[in-house]
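Engineer: Residue numbers (the numbering used here): 354 to 403.
The beta-carbon is built from N, C-alpha and C at its ideal position, and this holds for glycine as well.
None of these values were measured; they are calculated from a predicted model.
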Amino acid sequence: MADRDPKKCAHPACNCLAANDSKYCGAFCEGEADHPSVLCECGHPGCTPR
Ligand SMILES: [Zn+2]
Ligand SMILES: [Zn+2]
354 MADRDPKKCA
364 HPACNCLAAN
374 DSKYCGAFCE
384 GEADHPSVLC
394 ECGHPGCTPR
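1) Tell me whether residue 388 counts as near ligand 1, meaning its Cβ is closer than 6 angstroms to at least one heavy atom of that ligand.
2) Counting C-beta neighbours from all protein chains within 10 Å, is the total for residue 364 16 or more, i.e. buried, or is it exposed?
3) How big is the Cα-Cα spacing for residue 377 and residue 398?
4) For a quick check, are the C-beta atoms of residue 366 and residue 393 less than 7 angstroms apart?
5) Tell me the rounded alpha-carbon separation between residue 373 and residue 360.
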């Protein structure tokens, strides 16, 4: 059993859903996970910093 929703992007600041074959919604979050920031800038709808 997973301790977290596998459909949620693993980036702490990201609200997107992860891809079926990844913990992250995309390459941006996969790279950002090495240095988590307060804002997610993956550019997906509902996840864009102002
Ligand atoms: Zn995001
Ligand atoms: Zn993400």
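Structural biologist: This is what the structure holds:
1) Reading the sequence shown from its first residue, position 35 is the one you call residue 388. Flag unset: Cβ of residue 388 not near ligand 1.
2) As a working mapping, residue 364 is identified with position 11 in the sequence shown. Buried: at least 16 other Cβ atoms inside 10 Å.
3) Start at 1 with the first residue of the sequence shown, and residue 377 comes out as number 24. Start at 1 with the first residue of the sequence shown, and residue 398 comes out as number 45. Going from the Cα of residue 377 to the Cα of residue 398 covers about 15 angstroms.
4) Reading the sequence shown from its first residue, position 13 is the one you call residue 366. Reading the sequence shown from its first residue, position 40 is the one you call residue 393. Closer than 7 angstroms, so yes.
5) By 1-based counting over the sequence shown, the position of residue 373 is 20. By 1-based counting over the sequence shown, the position of residue 360 is 7. Going by the C-alpha atoms only, they are around 8 angstroms apart.
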